[in-house]
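To start, the structure itself, in structure tokens.
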Amino acid sequence: MLLVLVLAIKGPTVIDRLVAVNVIGTKSIVLLLFAGILFGQLDMFVDIALGYGLLNYIVSIAASRYYQHRKCLEPEHTIGKGEVS
């Protein structure tokens, strides 16, 4: 997860950062499920993992729409060249 965290911080593009944050969220869900198995309370941890996964999904959709609306997802060399808003 540390390598993905470095990509989330230094990623060359916004899309790389969004994907890295989603990977961290997915790995966190897996760690929650392993903790549920370890503590013997899998039912409780599955509920927490489902809630966290849903939150991760909603935040990733909201962030991608925000950056798409601000036109930050496009490379810098294409913004403003022959584009009519």
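Each residue of the sequence shown is one higher than the one before, starting from 2 at the first, in our numbering.
By construction, the Cβ of each residue, glycine as well, lies at the ideal position given by its N, Cα and C atoms.
Quick caveat: nothing in here was measured; it's all calculated off a predicted structure.
Scanning its chain for C-beta atoms nearer than 6 Å, with the 5 sequence neighbours on each side dropped, one finds around Gly37 the residues Leu43, Phe46, in chain order. When DSSP states are grouped into helix, strand and coil, Thr27 belongs to the helix group. Leu33 is positioned such that its CB atom lies closer than 8 Å to that of Ile49.
Secondary structure note for Gly52: its alpha helix (DSSP H) is the uninterrupted segment 43–70. In this structure Val7 is not in contact with Ile25, their Cβ atoms being roughly 11 Å apart against a cut-off of 8 Å.
In chain order, Ala9, Gly12 place their CB closer than 6 Å to the CB of Arg18, counting only its own chain and leaving out the 5 sequence neighbours on each side.
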